[in-house]
Structures are given as structure tokens and as C-alpha cells.
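Notes follow once the structure below has been shown.
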Amino acid sequence: MKYWKSLEEKEGKVTPSQANEFSEELPVISNLEKSGTLTSTRRDFLKMMGFSVTAAAVAASCEVPVRKSIPYVIKPDEIVPGVANYYASTYAEGGDYVSVLVKTREGRPIKIEGNKLSKITHGGTSAVAQASVLGLYDNYRLKKPLAQGEETSWKKVDEAIISELEIINAKPGNKIRILSSTILSPSTKQAIRDFIAKYPNTKHVTYDAISYSAMLKANEAMFGKKVIPNYQFDKADLIVSMGADFLGTWLSPVEFATQYGKRRKVSKENTAMNRHIQVESYLSLSGSNADKRIMVKPSELAGTLLHLYNVVASKTGGAAAAHLQLDENVKSEISKIADELLAAKGKSLVVCGLNDVNAQLITNAINHLLGNYNATIDFTAFSNQRQGDDDAMNELVKELPSVDALIIIDANPLYNFPGSEKFKEGLAKVSLTVSMNSKNDETTLLCKYVCPDHHYLESWNDAEPKNGSFSLTQPTIAPLFKTRSAAESLLKWAGMDTPYYEYIRNYWNQNIFPKQTRFASFHVMWDRALHDGVFELQPADEMLTVQPVDISAAGAALAKSQPGDGWELVVYESVAIRDGKFADNPWLQELPDPMTKVAWDNYACVSKKTAEQLGLHLALGKFEKSVGWETDVVKVSANGYEVTLPAIVQPGTPDNTIAIALGYGRELKARKGMSGIGKNAFPFLKDNASRNFIGGVSVSVVPGAYRIAQTQMHHSIHDGLQERRLVKETTLAEYKSNPAAGNEDREEVKKHLKSIYPEHRSLKSGLQWEMAIDLNSCIGCSACVVACTAENNVPVVGKLEVSRSREMHWLRIDRYFAGDESNPSVVFQPMLCQHCDNAPCENVCPVAATNHSSDGINQMAYNRCIGTRYCANNCPYKVRRFNWFDYLGADSFLKGTIFNNDKDEHEMTENLTRMVLNPDVNVRSRGVMEKCSFCIQRIQDGKLKAKMENRPLRDDDIATACQQACPTQAITFGDINNDRTEVYKLAHDERGFKVLEEIHTLPSITYLTKVRNKANEEV
Amino acid sequence: MNVRISVRFLFLFSFLSFSVFSASAGDAAAGEKVFKANCASCHKPDKKMIGPAMKGSEQRWIEHGDFQGVSGREWLNRWVRNSQEVIKAGHPYANKLFSEYNKSVMTAFTTLTDADIANVLAYVETYTPPAAPAAQPGVSAQPTESPFTSLFLYALIALLLFIVFILSRLTANLNKMALQKQGLPVPETVPIHKNKKIWVTLILVLFIYIGYSAVLGAIDLGRQQGYMPDQPIKYSHALHAGINKINCRYCHGGALRGKQAGIPSPNICMNCHKGIQEGAVNGKYGRKEITKIYASIGFDPNTLTYIKDYHKMDAEEAKKLYTEWLRGDEKHTYTQKDIDEVLAFIGKPIEWVRVHNLPDHVYFNHSQHVVAGNIECQTCHGPVETMEEMYQFAPLSMGWCINCHRTTEVNFAKNNFYDDYRQLHEDLKNGKIDKVTVDKIGGIECQRCHY
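Line by line, the protein sequences give chains L and B.
Heads up: the first sequence begins at -6 in the working numbering, then just goes up one per residue.
Heads up: the second sequence begins at 73 in the working numbering, then just goes up one per residue.
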């Protein structure tokens, strides 16, 4: 099978030099040539050298600076300088939930790890959760409460708000409204109830930027429960997703990814792999992992769903619903899916990403007909993760001009509400507006008072993401600024002076403690819950009573959205930026989107055919030396809103369809260059139901080219000359008959491995570090990339540098397409230093800065490196990264001199931000090569722990940062010389292969063949 | 040199004479040992500390007379072995003492025999505070080369060079004379300053010398062997670790648990200095140095209690408290400069000057060496127990680290961690190797210390 990273590459339009970071000439030589001063270079050289030598001599003769060592006055017992402490906590932002461990050093949080004790996220994390620690050290968070835009004190702002509230409260028929995004915390909700008790005319409206309101309504109609049920992807043999990106962004991606990953682990003993079919209209993370992906136009998604229902209903005796005109091919595909679903009754799961009540009703009906309720879906541990109610929000907007007070908790409707203009008009008429957002964002700027909330890492809180699953957030650092938790503010205004911590404890004592039987004393229970971070109650089983719902009416309503002929637009959440709340986080912006590999921008995705039709003469991208890739710009308009965006050709996009990511175009006070990245796509929406399909679109090409930071062709292993088998795949059927299917050539390759060098492994018996990566369970979510960035002080280089192939990520995820150009299959391959035992980089280093350790690690001694870059050029995997500048302020003492090498595009070197740096890892300076170290600091730490405990190393002593972050546990790390380790088992598995093994580099990373669960006729 | 030796002798002599003096009191010598091992952390013979001054205690108990038919002296023995029982028994003097000392419970010394107690009492009765030594030792324990030896060497070299010069002139003249005698033409004498050979040699020598010293200097850049900065408190390791034999890890506990050994926080100092309020470094500083700790942490030495909400205390009030405390010292007088120096510590952490500095690109972990490697602190830090002022003993250079890793044996047989190194175990058994040193398990590879 031929794999390709981009269409340009497939068509042979990419030359190796374009993908090479070092193809650009050094500016020194070109500058000299330009100025024609080559004759005086010798003199310049001597001048420069003389100056340098003198400077060095002066610097060297200076006295060594006196360093202070300042102990605590009274040292807290739990802190030992130099030893990390881990605290269980909870990442809960706008309904997104991850149970985490916070790694702190000397009292400052520096890394987020997954909490393995959680029954929901099982130790998995997401890119956004990993990046949240950087959000703490943000100088642009609000530092004090504001009144009319002026900084003030809490006392003054409280007095002002309380007095206004009391005047409003005394007025008959007053209206006080609290507007929030989904609140998972039962204590905060209790605080809101207490607030309402004091101000009885208060109503709480929940609104989510990405709304799941239709699901709530459909479930209320059908089951009498206005909640989102508990989806159990691990119990489903067959998953059919209708436009729901459940691995990337839908509802609770970390939870679903861990469940999904469990069923993607294939071994000879266990071939019970799930099958995943995705129907969608843009290439999502879930779609790229699907065994079968059906591409439909945005407008067709509803019809496809209806057709699926009708086929299932006709075979199970359900009532028929309306039909929509559909492509015959799609129809027959859907019929096949229906048959498969019927064969997997009670073991299948159908989910739908449409925020349309009728669509959700139909989806529920399909699941009901298939007997999936109480099997793969239940209401016992129902989910609280999305509670936004569109109707209530619309009602609020309508009545806003007559509202007296509006308190906003963690919501930004001015940016992300469809029809934000109307909201803005209404807001201007509200006499008391209070925002508790922690940034001066679009909405907060227009509020009278601002009472900034803590960052979750400095705050007490709790969460109940699912019925009966509780979780605690504990502060891991004292608040950096004069902020206050939102619940505490509400309590204060309700006349209660209880600190929020006490309040949570009381709530737990009164409401959770009586419901459990494990602990006799509340204190013991509390301490346990605080230690574990999670606390589980056994909720009573909910019996489902299905209420009669008129499916045909729902079908008829859904059928009204007839497919149009013209352009269609779909807007979607991207894995890194999501709804845009954290769009000012440099780590997330620098993370290339897993699907398009574009960083620092959003763009209009079009199909190849559409690009040709539009006459985008740069439709396939144009390569400019020293600029990177440039693309054409298109103007997209719909619903009276228009944006100009760079157009990129994204395989997997239907024709005549534009797909645009949400979450960009934020306008807020943020780090340098972090505001106004990309364009806001929210205003395209008429209402919250329409994000999956927007009609009436017009598209035109705008003259000009746009520099885009697309990394897909950077550091390409393909040399374009030879067909290399970098990724391998097979089908489940073939795998069952032959465990080495797809990997048959490996035996042949191994036979030819001969070397003139002596055997490298001098210590066959000692520790030898190896890694195994399962291509089958890697879903490409990129949590590992951000985890690596946080763990190893990987710098942010900014858009310009990324576009010149200079991104610094030690771990990248190569995304390969194969097959059909318009709807390709996808393989993700995490690519990092392979720690070759015959490493080509080691041989070419003139100063032996990179060499091999006895435990199999390709070491990099930064202080020895003189920056020849020979190693990077000789690395076949292209995983070495060169510091073109001093990105993190390593040579900070040179600031202000002519030797200033700083390149800090986004204020990553200011003191507060540098607090996020891992003190156990060097900050590299300019001119130094770096690369994955297998998290050597974690290896050394794990070894030391075992040594001090006088015991052999255990398999779980060491986990690399990428391994720890992975929600599907696709990465395994350990000692290959020990046959009890997991990595030993995987490295000797028939599925195991090494990348470019034929060139005899002896890599230490084993990849496991991807297995696709294909139906017979698809093969 | 001579001066230094004499100082050492004087110090030693005074110490010896003191010992001889105490030994003359018979069982008091045995008592001193018992006292120092058991009592000294809370009692002083002649002064109130955490407990009362012990001088005269025997007399006080005897004076109190019989109680419940048991003599006062016997009650004292019972008190030492278990004071709480005596209090419970209702002994009036015991109860008075107990309440007088804030009801702090005295440790029960159940193992002390009657004879031990008698010895201790004999010791405290004969105790006289040591007189301050006449001279300030100021011993620099740095091993320095004797200046005399090197001077002698230089003189010798100069002398030899002179002889060479004379001899060469001599031979040249003799040659000249011989040539003259034979009637051969005599080459023109070139004056020394115009002799090219000499100039070339000189320049060459100078060049080599400059290069050599430049390389040496460059290698030594940033190294600070012998670095002995002034510290904010005149703290003596010689006293604490040497004379008092306090274990290093008592204060530097981080060495057992992690990367940094750590500088003790004042609350650790206070474990002892709650009672010990006066410096013992030759009595030179009186209360000054220890009061700095009190000022930092907020301890009122008059009432022996910590000041509540010290951070909120009025600065002037705190200044007054410590000024009066210093002025109240009968044995010492403090200049205003001394007092100001102490007052600067009020409410602030103590800013010690770091002696041992490693570059940022070096990862060093104390627990790896101290716990896993069983290395003595002194191996790298030198004879700390003799250092009045801390200085950097080892060069802390990479070569120094590596040399040690090449020669230091790993605790291979005893630590189960090394079970995984099967080949090495086999080699050991077969006698192929006789020991496993750190470098054999990769201890000199780059990324063990640089990452």
C-alpha cells in the first residue's frame, strides 16, 4: 500500500530540499554577498574575533557571582527541596473532565499527569489538560477585581455589588440571572442555590459554547430524564458514529478514548477488537481512526441518520420515518451498516453529533431498537458533563433588556454565542453586570464588575462528572494574584462568610457521607477522597421507562433540511483549540492539528476537486524558500458574516464543502501575539443546532498568498525515491489467520542485517531501555506531544519559525494517508528519537556530543554540542531539533548586549512563565541540538527509587511523559532485557516492526502493526 | 607556619589542661561523659536552660528533706529515672519544679544507675566554665603549600641558571682565548641583547608558558575550590559536627531523600537553640549569632516561647525585644553595629551564601550518593568537622567526579537493585572481575549527570 503525507507528495511535487529544515542558506553568507563586502571579510573576522576574545577574557576574569541559598524559615513537613510532590486534583473546565495528579516542585505545579485511580479517565489526559498548567503562569490573567474597568479591592467590589443587589432585590418583579457554562461542582451549585435563597428572583442559566442541549431534550422526551446517559464504548463491539468526534472533542473524549483504546488492543489471545464506523462531513480524529469512514455532505448527515433508522426499524418492527433523498451509494452503505448493527444487537452503540432534538430522538430510537439501553448505554451513572440549555439561553437573550443583574461565571457569549450582537445589545441595558471570568475577554470587557475566579490549580473545588462519581480539586499553589473562587464570591454576596473549603467539606459531610458505607468517620472519608482525588458512590440502578415518542414526526421535522446544491459549510472543534477558551495558550497553538498538521491558524478545508474547480492556482500549496508553504486565500460568507481564510486541501472533505475550525479569532488581552489568531467561525451559526450544516454559503478566491505553518511535510522520512514501509497495517481477518500479517517482510529484513561494527550492547544483562508503540491504539490525539513539551522544557518557537520547519517538538505525530484520495484511510505514527543502537547521528558528531549509553540510550550532551547539525542531517528519522535561537532565555545574562540570541515571540521567557519549567531538565541555549531523551530524568528517578528501596526495578517504576499522558496506553516503556516486562512482550510480538529496519540502525522503538477491522467485502 | 603551629599547640594545650583538671575530680570524669550524652541538651551545670542549672541540685533535693519516708537524695534518683512518677506521687518540690518549667516533661532515663547519677552530680559540682582562649585560632584548614619550600626552589633554579650563565660565558671566553692562541680568526662577539638564539628561545618559552597557563585558567573557569565566603551567621561546623558530634543528616536531612541536602531551616536550629542561647565559639560572640536565629523565626528568649503571629508584630517592638535581650547580657557588651546586624534578621529568612555550586547543566543527587552509594559526606565535603568556616574542599570538577566513579565500588552484592545486571554478577563469580565500580554500570556516561 502506498502511503502519503500530503497530496503534493503523492503527486511527486515535493522535493527533498523543501522538507529539509537546513536547506535555507545561512543569512551570514548571503548578507555578505549582498553587500559586496567580501574583500573585507578577513578584517571583519579579525575585528570580531578580537572583540570576542576580549569580551570573553573580561567575562572570565569577573568574579563568580555569589549565589544565595535561602532555606524556609519554617519548612513545611511535606516539602523536601528537590523532591516532587504529587497531589490528586481535578481538571474541570466547562464540563470537560479529567482526573489528574499535579506534580509540584518546591510548591509550584509544573506538570499534569493522569490519575489512574479514576474510574472515568483511568489515567488518561488530553492535550488541553496537559497544557492547562501553562495557563496558571499567565501574566494576563486578571490580578484584581475590577470595577468599571479600574482595579479595586475585594472589599470595595463586594460592598458595591451587594448594595446594588439589595436595591434590585427590593424592587418587585426584579430579574437576577446567573449565566454559566456547565458546572460540574455540586458545591458550586449549592452555592448558587444559597444565592438564590437570598435573592429569590434569581434564575440560573447554563449555556455551553458547544451545546449538547438537543441530547438533553431528546432524553427528557424519551426517558423522562434530562441528562446525558453513560456511554460505554468499551462494551460495544460495533460503534457507529454519525458525525460525533467522540475521540477528539465530543462530550468526554478522554473517557471515551480510554474505553475505545481497551478494545483496540489486539493480541493472539485476544482478537475481540471493536469495529468503528464513522459517518461525517469533515475529517475528524474519530473519522481518521474508523475502520470504515463514510463521507457525506453536511446536509446529508440527517438524511443518512434517517435512512439508518428506517432500515433498522423495518427489520425490527419499528415505526417508519420520513425519507430524505440520498446518494444511492451512501444508501447501500448505510443498509450494510444497519445489517451489521442488527447482528450486534445489544453490543453496539450509535452516537450522533448533531445538536438537533429530532436527530437525537432518532438516534435514541435506533439504540432502543437495537437493545443497546442498559447494555452499552445506561442512565445509572448518567453524565453531568454537558448541561447547557439552548432554550433557556435563548429565553435569557430575549429578556436580557429587562434583566436587572447578570452574573457570568466562566462563559463568554459575546465571542461564542450565535447572535452575540443581540446579546451585546441586551447586556448594555442590564444595570448590574458581573463577570467572574479570569481573563479580560470579549464579554468581561463589557461588564461593570469583574470578580476574577482562581485558576483550578490554586483553588478548592469538587466535581460530579457522572452520577455517583465525585472528584476533588485541591490547590497546589497559593493564588498568584488577588483572585477569588466564583462560588466564594456568590456566597459572600449571599451574606455567607464561609470559606469555600469549609463549604465544600460541609456539603460533602451532609450530602455524600450519609450515602456511603465504607467509612465510619467523615474525616477519614474526606482524607481518603482528597488523597485519591476521586470518590465513588454506588448509585442505585435506574430502571428505564420508555415514553412513547412520535418518531415519524421527528423524522418529518428532520427531513425538512433538504440537501441543497450549492456550497455547504461545517464548523467543528479542533482537538487543540476546542471552543477557543484556551486559544491564548502558546502550547496549544504550537501543537499541529492532528488532521491537517497546521499550527497557529484556522483555515478553510476543501477537497482537491473543489480546489481545482475554484481555480486555486496555489491550491496544492506553494513552497517558498525561507517562507515555507503558502496557500491561496478564500472569502467565505454565510448568514451575513464573512471571513477570509487560507484554503488548504484536506483529503476527507466532501466536494463543495468548506470545513472551518471554531475557537480562533479570539480578541482578548493576552500574551504577545496570542490574541486574534485565525478567524472566528462562531458568527456563521444561526443557532446552536446548525454547526453541522450551514447552507447558503458563497465562496470566492481572494488574490494574494498566505504563509501557513503546516508541518506535515517537515522532517519527512520519505525521500521520494524509494518506497519505504514506514507504517504497516493489516486487517483483523488476516491477523486472526496469521499474527504476522502485514509484517511478513520483517523476517526477510532481519536476515540481511549485518554490520562491520562490533556489537553495541556491551551489557546484554544490564538495563536496556526500549519502547513499544501500538499503532492500533494510537488515536493521534496529541496529548503526548504537549506532555513532552511540559516535561522537557520544549520551547515554543512561534508561527514564523514553525513555517520554516523549526518547530522544536521532540515527539511529533506523523499522519499518513493511504488509498482513496478523496476519502483516505489514516495511520498515525508517533515519531521520536528511536535511540538506535547503530545510530547514524553518533558517528558524524565531530565532538562526540551525542553518543551511546550502556543502557541503550542515544545520549545528547548539550554542553558539548557545537551546533554543526551534522547529526540532524544524518538522522534518517528526522527527529533531531536545532535551537536556531535562544527560545527560553537560557543565556539570559546576554540580554541587552549584541550577543542577545533571544527569540521570544510569545512572552515565554518572562519570569512568571518560566516557573512552569521542569527544574530537572536543562534549558537549552542557542546553537544546540536536542531531541527525545526517553525522559532520562524519569528513568534516573525510577532507578534511584528502586535502589534506595533495595529492590529490583519494577515495570511501573518508570513511565515516560508521553506514556503517562496517553489515554489509550498506546505507549509502553521498559527494560528489554527483562522478560517479565510489558515492553519485552510487545517487542517480541509478531506485529512488532521497526521503522527503516533495513538500514540497520537497530532502533529501540518497536511499532505494532495497525489492524483494521474490515468487513470482508471492504478488503 | 610557625605561628600557625604555635596556635594549634596552644589550642590543644588548653584543651588538654582542661581535661587534666576535670579528671582530678575522680568520678566527675565519668560523670562528664554521662552528662554530655544524656543531660546536656536540656541542662547546663551552671545555668538555666530548658531545665534548671544542675549545680546545687543535689543539695536542693536533700534540703527538701524526707517525703513519704524516703530521703530527698533518693527522690532525686527516682526523678531522674522517671520524673512523672515522682510528680504523681505528690512530691511537693517535684511539682513545684514541674510548674516552674512550663510543665515540660523531662525525659525518663531509666537506664542510669545510682552510680551514674552520683558521677554526674559530682561533675556538675566541680564544673567551671572554660576560660576563653588567649588567641583567636582562625585556623584555615586549607592544605596550602609552604611558601618556604617554593621560595627555596625558585632560589635554587635562579642559582643554577646563574651558574649556567657564568659557565657559558666562561667557555665562550676560553674558546675565544684558545682561538686567539692558535692565531685563528676570532668571531665577533654578539652582545646578549642582540643574540637571536636567545630571543627565539625566550619567546618560545614565553609562548608555551602563556598557552599553558591560559589552558589551565580556562579549565579552572568557574571552579571555586577553597571558596570560603563570609556567612551571615558565624556558624561553626567544627563545633556542631566536630565537638558536639551532631550527625550531618540531622540538619541536612534532604541528603537522605533527594537531590539537595538542603540548608536547615531555622526551626531545625531551634530544636537545640531554644535552650542554647549563647554561642560557644570561644565565647567570642556571646548571644549575637544565636539571636539572629531568634530574630528570623520570632522566638522570645526571655520567656522561651515563640511569638504568636510574629509576621504581624510591630517592627519597632521586635527591635526593642532583641536589643534589650542583647543588652541584658552581663558577660558581653555589643556595639550598635552588632545590634543592627542582628536586627536586620527580624522576620526574614537567613540568606546563607552557597559554597558548593554546580553549573546548571549538571544534575547531582545527594540521596543517590549518600543512601544508595553509602558515601560519607566527608568524601566530597572534606573534614567538615574541623571547619570553623565552611569552604569548598573538592574541586567539584568533572574530572574529579569521573575519577571517583572509576574507583568507587558499587554496593553490588547487597543491593537487590543490581540483580538485573546478570552478566556482571557472573563475571564476579567467575573471577573475571574482582569488583564492580561505578563506571562498569555506566556511571561515567554523559546522560547520568547531564540532561
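Glycine included, each C-beta is placed from N, C-alpha and C at the ideal position.
| Asked | Found |
| --- | --- |
| For L613 (chain L), the three-state DSSP class (helix, strand or coil) | With a pLDDT of only 48 at L613 (chain L), under 50, the local geometry of the prediction cannot be trusted, and no value is derived from it. |
| Bridge-paired residues (DSSP) for C598 (chain L) | L:I641 and L:A652 |
| Distance, C440 (chain L) Cα to D131 (chain L) Cα | 22 Å |
| Per-residue burial, G503 (chain B) [other beta carbons within 10 Å of its own, 16 or more giving buried] | exposed |
| Rounded straight-line distance, which links the Cα of K871 (chain L) to that of E923 (chain L) | 12 Å |
| Contacts that V220 (chain L) makes with chain B (C-beta to C-beta distance below 8 Å) | Within 8 Å Cβ-Cβ: nothing; V220 (chain L) doesn't reach chain B, min ~47 Å. |
| Beta carbon proximity, Q214 (chain B) to chain L, threshold 7 Å | Because Q214 (chain B) sits at a pLDDT of 45, beneath the cut-off of 50, its placement in the model cannot be relied upon, and the following sentence gives the value as read from the coordinates. Not an interface residue. |
| Residue from L:V350, L:K340 and L:D382 with nearest C-alpha to I370 (chain L) | L:K340 |
| Neighbour flag for V840 (chain L) against chain B, beta carbons, 7 Å | no |
| Chain L within 7 Å of N502 (chain B), Cβ atoms only | no |
| Beta-carbon proximity check, V690 (chain L) vs W560 (chain L), cutoff 7 Å | yes |
| 7 Å Cβ cutoff met for T476 (chain L) and H447 (chain L) | yes |
| Interface residues of chain B facing Y65 (chain L) [CB-CB closer than 9 Å] | S337, P338, N339 and P421 |
| Close-in-space but distant-in-sequence residues of the same chain around T1025 (chain L) (CB under 7 Å, 5 per side omitted) | Any answer about residue 1025 (chain L) is impossible in this case: the structure gives chain L only from -6 up to 1012. |
| Cβ-based burial, E293 (chain L) [other Cβ within 10 Å; buried from 16] | buried |
| Outcome for A416 (chain B) when other beta-carbon atoms lying within 10 angstroms are tallied against a minimum of 16 | exposed |
| Alpha carbon of P507 (chain L) to alpha carbon of V909 (chain L), nearest angstrom | 40 Å |
| Integer Cβ distance of K61 (chain L) from V236 (chain B), believed to fall under 8 Å | That belief does not hold up - the Cβ atoms of K61 (chain L) and V236 (chain B) are roughly 54 Å apart, past 8 Å. |
| Touch test, the region 633 to 647 of chain L against the region 671 to 679 of chain L, Cβ-Cβ under 8 Å, three pairs minimum | yes |
| CB of G514 (chain B) within 7 Å of CB of S846 (chain L), strictly | yes |
| Three CB pairs or more closer than 8 Å across the region 190 to 199 of chain L and the region 159 to 172 of chain L | yes |
| 7 Å Cβ cutoff, K331 (chain B) in contact with chain L | yes |
| is_contact[H433 (chain B), chain L] using C-beta, thresh 7 Å | yes |
| Residue-chain proximity (W424 (chain B), chain L), Cβ-Cβ < 7 Å | yes |
| The region 849 to 874 of chain L: positions lying closer than 7 Å to chain B by Cβ | I850, Q852, A854, Y855 and N856 |
| Endpoints, the alpha helix (DSSP H) within which V694 (chain L) is located | Counting along the chain, V694 (chain L) falls outside any alpha helix (DSSP H), though it belongs to the beta strand (DSSP E) covering I687 to Q703. |
| Extent of the continuous beta strand (DSSP E) run through E529 (chain L) | V527 to E529 |
| Neighbourhood of K420 (chain B) by C-beta, 7 Å cutoff - its chain only, sequence neighbours within 5 removed | S368 |
| Buried versus exposed, by CB contacts within 10 Å (16 or more), E321 (chain L) | exposed |
| 3 or more residues per run - each beta strand (DSSP E) lying fully within the region 318 to 360 of chain L | 341 to 345 |
| Pair within 7 Å by beta-carbon distance, G75 (chain L) and K384 (chain B) | no |
| Exposure label - I327 (chain L); buried when at least 16 CB within 10 Å | buried |
| Start-to-end residues for the beta strand (DSSP E) that takes in M764 (chain L) | W762 to D767 |
| Of the residues L:Q761, L:N816, L:G526 and L:L607, the one placed nearest D492 (chain B), counting alpha carbons only | L:Q761 |
| C-beta neighbour in chain L for H522 (chain B), strict 7 Å | yes |
| Option nearest R947 (chain L) by Cα separation, candidates L:N816, L:I969, L:I964 and L:C928 | L:I969 |
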